[in-house]
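Participant: For the protein sequence lines, the chains are H and F, in the order given.
First residue of the first sequence: 3, per the numbering used here; consecutive thereafter.
First residue of the second sequence: 3, per the numbering used here; consecutive thereafter.
Encoded as structure tokens, here's the structure I'll be asking about.
There are 2 protein chains.
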Amino acid sequence: MKRRIGVGLVGFGTVGAGAAKILQQNALLIQRRVGVPVELVRIADLDVTRDRGVAVPPGVLTTDLRQVLDDPAVDIVLELIGGYDTAKRVILGAMAGGKSVVTANKALLAVHGEEIFEAAARHGVDLGFEASVGGGIPVIRALTEGLAANTVLSIYGIINGTSNYILSRMTKEGHGFQEVLAEAQRAGYAEADPTFDVAGTDSAHKLAIMVSLAYGTPVNFKDLFVEGITRITPLDIAYAKEFGYTIKLLGIAKFLRGDQEDEIEARVHPTMIPANSPIARVDGVYNAIQLVGDAVNDVVLYGQGAGSLPTGSAVVSDVIDIARNLLRDASGRVPPASFQREQRRPLRLRPIEDITSLYYLRFMVLDRPGVLSQIAGVLGQQGISISSVLQKGRKEGQTVPVVIMTHTAAERHVQAALREIDRMAFISEPTTLIRVEGHDE
Amino acid sequence: MKRRIGVGLVGFGTVGAGAAKILQQNALLIQRRVGVPVELVRIADLDVTRDRGVAVPPGVLTTDLRQVLDDPAVDIVLELIGGYDTAKRVILGAMAGGKSVVTANKALLAVHGEEIFEAAARHGVDLGFEASVGGGIPVIRALTEGLAANTVLSIYGIINGTSNYILSRMTKEGHGFQEVLAEAQRAGYAEADPTFDVAGTDSAHKLAIMVSLAYGTPVNFKDLFVEGITRITPLDIAYAKEFGYTIKLLGIAKFLRGDQEDEIEARVHPTMIPANSPIARVDGVYNAIQLVGDAVNDVVLYGQGAGSLPTGSAVVSDVIDIARNLLRDASGRVPPASFQREQRRPLRLRPIEDITSLYYLRFMVLDRPGVLSQIAGVLGQQGISISSVLQKGRKEGQTVPVVIMTHTAAERHVQAALREIDRMAFISEPTTLIRVEGHDE
């Protein structure tokens, strides 16, 4: 039996420093759990001088990542550099050398996950990626182990802290997106270029990973429908409140049992959810994932979705898990994709046009008699049934909002109706559509 | 490699039927995850005639539990009868026969956990007990794996659905304990004899298990401080609201880093928590556990803490976990107590008199001048500092409540002060003390 487990870190940035700190500070605790010492023996980073607040013994730090990959004392490689090319080379190189890998790289896994899963299986090594979704929240384990007995019926994830911070502030203060974004950038909660977060891409990466694990299916990332929060206005937030909803950027997945063939939905977009639902009150940079299983019903996991130590916590939990496997010669005991490799099956991802949902539609109209009847007429022709209408503050001759909540309707029909309505002369700007999750009453 | 995993069930009650249903309905899913079929081959129960809504093949059901324990086709025994004596015999008997065990029996584990953990280690088998705390919520895995890299600083658990249902209804409707209890009994949310739930015993069992896993320490169950919810009144709930708090029955554990020796606190009692804290809004029969780790900060797990299928979900997740170990000859890969056996260390459990807390004190006094000054005087002598006083509805000569919130104070001093105050002539009933979790401001 191995007398110690060696860890090699590639990427000594925020998350890398967090993982290193935990491995040092909680070394005794980790040894008591694992049975042998778990030691950080190599760290590779381009910058070997900056102080990360972690004491690194001499000889450990190097600029040459090959020194990590080639070191026989390294059993587990932590890929924490992010990005695609080098990260993938590090992961595949480590695996080829018989080393297990832990990564927080959701973008890489979302796009190249299948290739990496396959490499892990082929080389008989473990791949840990708890840190790739929800920071320190143990959601990957919930999907692969804790809820493994369940057919996952749906997933609702607040999985991007920046977007949630911005929407929370907009909701609380009534300010506009740009204003809150600027403030979030000053406070360090949003990047200088926030596109990745506010456009929904980051959430989609995480959703793709969860879908892959929940349903045992490869996911073609490009097929996910993704819409960000940049077009959400204080007006929509105020209306949402009036209807008893909160607007959140959600990653949503649903399992659709078919007569012929099962399908899944997987989409990221701003969503109105009932204000009393357990994830509606998840504010600020916190993340939360609601998983609905056919046996367990709804389970919600909540915590810090980012940050040096929370994400480092997930990284080191994977290290402990893999160390336990190494000591029992049981690498690959839980396949990285959670289903046995030969048991994974491509499920059809339903295109967004084919989904059904409740819809919030905000029309900006020139206030004059007959407008509502024309809008309602087009919706009716498309078979879309209205559950309520809000038309406040009449100002004849001026532009005013008309808000309509629909019963369950087909996205295809809603889009067709909006195309027709938005061409009408009394419509002053493109209509705002926000999908609503909740019960059709 | 094994071609299938055989499961034997002892106790075909609510949870047993849930587990059986899941093993049947999701058989294909489970096989896709594990790699081989997982089959329920034996079920023992005294009642072999009642319909549990599960189709049982002929020859599977027996009244003789030895037929489960002795069947070589049974790899994993599910002990779901509850109680102490027979349950323990089943578990130890199964282990002695080289079978792994899954149980939902929190009472047994809280009281005889050490002996059972030891037997699992000695026989080289696995013990799964995810279902023992929080029903379908994967909190055991969070403690043993997901947050394994953390020193757990504290645990706050709403871990008894009956008590939480009663407190939630009392809070919502302003009714008294007895009235709501009777209603909960009619609705099937409380047992005919609810003592176990409302007196805090069930919560304490679950807390003892979590403490054992979080800190790698044996727990002497009798040392836990346990106080139930029977004395909570609508008046206290109303005052709590006024101060911005909600009253929940919590299982609380804290890690206290000592100069000489680390200690832990572990206690169950009604607790005022800030109304905006993530677990304050957990209502009805839902459970939630907030874990605070030194790296991950706070993580909250929320879900259904009881019920046939939710608890069955946890049982079967353990079956899958153990099956994965059996197929890799890696039983005992995660020690049942989460720490390596030789690495467990008794931590001193701090007696309740030695804790410090914020306190809510409700004095029922004969309204006359000078009363508050006398109460404050005694508190002051004991070094207890007052943060606020509420004395509403003056009715000279009648009994009125005087409510005092303290700054952080020593339980010992508070108890001493109450002993003295409760002897005073103007005090008309024993003073109500509710511990408050929150920041001392």
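Beta carbons are placed, not taken as given, at the ideal position from N, Cα and C, and that holds for glycine.
Just how far apart, CA to CA, sit H/Gly334 and F/Gly37?
Facilitator: One-based indexing of the first sequence puts residue 334 of chain H at position 332. One-based indexing of the second sequence puts residue 37 of chain F at position 35. Approximately 12 Å, taken between the alpha carbons.
Participant: Looking only at C-alpha atoms, which of H/Thr401, H/Gly218 and H/Thr408 sits nearest to H/Ala427?
Facilitator: As a first step, residue 427 of chain H is located in the first sequence; it is residue number 425 there, counting from the start. Of H/Thr401, H/Gly218 and H/Thr408, the residue nearest in Cα terms is H/Thr401.
Participant: Could you tell me how far apart the beta carbons of H/Glu398 and H/Arg437 are, in whole angstroms, since I believe they sit closer than 8 Å?
Facilitator: Indexing the first sequence from 1 puts residue 398 of chain H at position 396. Indexing the first sequence from 1 puts residue 437 of chain H at position 435. Between H/Arg437 and H/Glu398 the Cβ distance is about 32 Å, and since that is not below 8 Å, they are no contact.
Participant: By alpha-carbon positions, which one of F/Leu374, F/Val317, F/Met274 and F/Ala109 ends up nearest to F/Ser359?
Facilitator: By one-based count along the second sequence, residue 359 of chain F stands at place 357. For F/Ser359, the nearest C-alpha among the options comes from F/Met274.
Participant: Can you name the start and end residues of the beta strand (DSSP E) that F/Met274 belongs to?
Facilitator: Mapped onto the second sequence, residue 274 of chain F falls at position 272. Residues Glu265 to Pro276.
Participant: Express the C-alpha separation of H/Asn166 and F/Gly18 in angstroms, rounding to a whole number.
Facilitator: Taking the first residue of the second sequence as position 1, residue 18 of chain F is located at position 16. Taking the first residue of the first sequence as position 1, residue 166 of chain H is located at position 164. About 41 Å.
Participant: Starting from the beta carbon of F/Asp300, find every residue of chain H whose beta carbon is closer than 7 Å, and list them in chain order.
Facilitator: Position 298 of the second sequence, counting from 1, holds the residue named residue 300 of chain F. The contacting residues are Gly305.
Participant: F/Ile45: which of F/Glu132, F/Lys174 and F/Val12 sits nearest, CA to CA?
Facilitator: Counting from one through the second sequence, the residue named residue 45 of chain F turns up at place 43. Answer by Cα proximity: F/Val12.
Participant: Look at the alpha carbon of H/Arg330 and the alpha carbon of F/Asp331, and state the distance between them as a whole number of angstroms.
Facilitator: Here residue 330 of chain H refers to the residue found at position 328 when the first sequence is read from its first residue. Here residue 331 of chain F refers to the residue found at position 329 when the second sequence is read from its first residue. If you take the alpha carbons of H/Arg330 and F/Asp331, they lie about 8 Å apart.
Participant: Could you tell me which chain H residues have their CB closer than 8 Å to the CB of F/Val336, listed as they occur along the chain?
Facilitator: Position 334 of the second sequence, counted from the first residue, corresponds to residue 336 of chain F. Going along chain H in sequence order, the residues near F/Val336 (Cβ under 8 Å) are Arg326.
Participant: Mapping DSSP to helix, strand and coil, what is H/Pro280?
Facilitator: One-based indexing of the first sequence puts residue 280 of chain H at position 278. Of the three classes helix, strand and coil, the one that applies to H/Pro280 here is coil, per DSSP.
Participant: Check for me: the alpha helix (DSSP H) holding F/Ser205 runs from which residue to which?
Facilitator: For the purposes of this step, residue 205 of chain F is taken as the residue at position 203 of the second sequence. Looking at the DSSP string, the run of the alpha helix (DSSP H) that includes F/Ser205 is Thr203 to Tyr217.
Participant: Flag H/Pro39 as yes if its beta-carbon sits less than 8 Å from any beta-carbon of chain F, otherwise no.
Facilitator: Here residue 39 of chain H is taken as the residue at index 37 of the first sequence, counted from 1. Taking Cβ atoms only, chain F never reaches closer than 8 Å to H/Pro39, which makes this a no.
Participant: With C-beta atoms as the reference, is F/Leu111 less than 8 Å away from F/Ser134?
Facilitator: Position 109 of the second sequence, counting from 1, holds the residue named residue 111 of chain F. Position 132 of the second sequence, counting from 1, holds the residue named residue 134 of chain F. Cβ distance < 8 Å, so F/Leu111 and F/Ser134 count as in contact.
Participant: Go through its chain and collect everything with a Cβ distance to F/Lys208's Cβ below 8 Å, but skip five positions before and after it.
Facilitator: In the second sequence, residue 208 of chain F corresponds to position 206, counting from 1. Closer than 8 Å at the Cβ level, and outside the excluded window around F/Lys208, lie Lys108, Ala112, Ser134, Val135, Gly136, Gly159, Ile161, Asn162 and Gly253.
Participant: I'd like the list of long-range same chain contacts for H/Asp296, defined as Cβ closer than 7 Å, with 5 residues on each side in sequence excluded.
Facilitator: Counting from 1 along the first sequence, the entry for residue 296 of chain H is found at position 294. Same-chain partners within the cutoff: Asn152, Thr153 and Leu155.
Participant: Express the C-alpha separation of H/Gly305 and F/Val294 in angstroms, rounding to a whole number.
Facilitator: What you label residue 294 of chain F is simply residue 292 of the second sequence in a count that begins at 1. What you label residue 305 of chain H is simply residue 303 of the first sequence in a count that begins at 1. Their backbone Cα atoms lie some 10 Å apart in a straight line.
Participant: Does any residue of chain H have a CB that is nearer than 8 Å to the CB of F/Asn107?
Facilitator: In the second sequence, residue 107 of chain F corresponds to position 105, counting from 1. Chain H, which has no Cβ nearer than 8 Å to the Cβ of F/Asn107, makes this no.
Participant: Helix, strand or coil: which one does DSSP assign to F/Phe257?
Facilitator: As a first step, residue 257 of chain F must be located in the second sequence, where it is residue number 255. F/Phe257 falls in the strand class under three-state DSSP.
Participant: Since H/Tyr158 is in the beta strand (DSSP E), which residue starts that stretch and which ends it?
Facilitator: Position 156 of the first sequence, counted from the start, is the residue given in the question as residue 158 of chain H. Run containing H/Tyr158: Val154 to Ile160, per the beta strand (DSSP E) assignment.
Participant: At the 8 Å Cβ level, is H/Ile31 part of the contact set with chain F, yes or no?
Facilitator: Counted from its first residue, the first sequence places residue 31 of chain H at position 29. Here the sequence assigns Leu to residue 31 of chain H, which means Ile is not the residue at that position. By this cut-off, H/Leu31 is an interface position.
Participant: My understanding is that H/Val336 touches F/Arg326, with C-beta atoms under 8 Å, so please give their C-beta distance in whole angstroms.
Facilitator: By one-based count along the first sequence, residue 336 of chain H stands at place 334. By one-based count along the second sequence, residue 326 of chain F stands at place 324. That pair is a contact at about 6 Å.
Participant: Of all the options H/Leu82, H/Glu132 and H/Gln292, which has the alpha carbon lying nearest to the alpha carbon of H/Asp47?
Facilitator: On the first sequence, position 45 is the one that residue 47 of chain H refers to. Closest option to H/Asp47, Cα to Cα, is H/Leu82.
Participant: Between which two residues does the alpha helix (DSSP H) holding H/Gln306 run?
Facilitator: For the purposes of this step, residue 306 of chain H is taken as the residue at position 304 of the first sequence. Per DSSP, H/Gln306 belongs to no alpha helix (DSSP H); it is in the beta strand (DSSP E), Asn299 to Gln306.
Participant: Return helix, strand or coil for F/Gln393, following the three-state DSSP convention.
Facilitator: Residue 393 of chain F sits at position 391 when you count from the first residue of the second sequence. F/Gln393: strand per DSSP, three-state reduction.
Participant: Count the CB pairs spanning the region 210-219 of chain F and the region 178-193 of chain F that are closer than 8 Å, and state whether there are at least three.
Facilitator: No: fewer than three Cβ pairs fall under 8 Å.
Participant: If we count Cβ pairs, one from each stretch, closer than 8 Å, do we get three or more for the region 342-360 of chain F versus the region 341-355 of chain H?
Facilitator: In short, these stretches do not touch, since the Cβ pair count stays below three.
Participant: List in chain order: all unbroken beta strand (DSSP E) runs of 3+ residues lying wholly within the region 285-344 of chain F.
Facilitator: If we require 3 residues or more, the beta strand (DSSP E) runs fully inside the region 285-344 of chain F come out as 288-295 and 299-306.
Participant: Tell me which same chain residues have a C-beta within less than 6 Å of the C-beta of H/Glu265, skipping the five on either side of it?
Facilitator: Looking up residue 265 of chain H in the first sequence gives position 263. Excluding sequence neighbours, H/Glu265 sits near Leu258, Arg350 and Arg352.
Participant: Using only the alpha-carbon positions, how far apart do F/Ala22 and H/Glu413 sit?
Facilitator: In the second sequence, residue 22 of chain F corresponds to position 20, counting from 1. In the first sequence, residue 413 of chain H corresponds to position 411, counting from 1. Roughly 39 Å separates the two Cα atoms.
Participant: If we count the other Cβ atoms within 10 Å of its Cβ and call it buried at 16 or more, is H/Asp77 buried or exposed?
Facilitator: The sequence position of residue 77 of chain H within the first sequence is 75, counting from 1. Buried, because 16 or more other Cβ atoms sit within 10 Å of the Cβ of H/Asp77.
Participant: Between which two residues does the beta strand (DSSP E) harbouring F/Glu41 extend?
Facilitator: Residue numbering aside, residue 41 of chain F sits at position 39 when the second sequence is read from its first letter. Unbroken beta strand (DSSP E) run through F/Glu41: Val40 to Ala46.
Participant: Identify which residue in F/Ser430, F/Ala98 and F/Ile93 has its Cα closest to the Cα of F/Val104.
Facilitator: Locating residue 104 of chain F in the second sequence gives position 102, where the first residue counts as 1. Selected option, being the one with the closest Cα: F/Ile93.
Participant: Candidates H/Ser430, H/Thr65 and H/Glu41: which alpha carbon is nearest H/Val50's?
Facilitator: Counted from its first residue, the first sequence places residue 50 of chain H at position 48. Measuring from the Cα of H/Val50, the nearest candidate turns out to be H/Thr65.
Participant: For the alpha helix (DSSP H) holding F/Val402, just list the boundary residues, first then last.
Facilitator: On the second sequence, residue 402 of chain F is found 400 positions in, with the first residue counted as 1. Looking at the DSSP string, F/Val402 is not in any alpha helix (DSSP H); the run it does join, the beta strand (DSSP E), is Thr401 to Thr408.
Participant: Do H/Ser389 and H/His409 count as a contact pair if the criterion is CB distance below 8 Å?
Facilitator: If you number the first sequence from 1, residue 409 of chain H lands on position 407. If you number the first sequence from 1, residue 389 of chain H lands on position 387. Yes, they are a contact pair.
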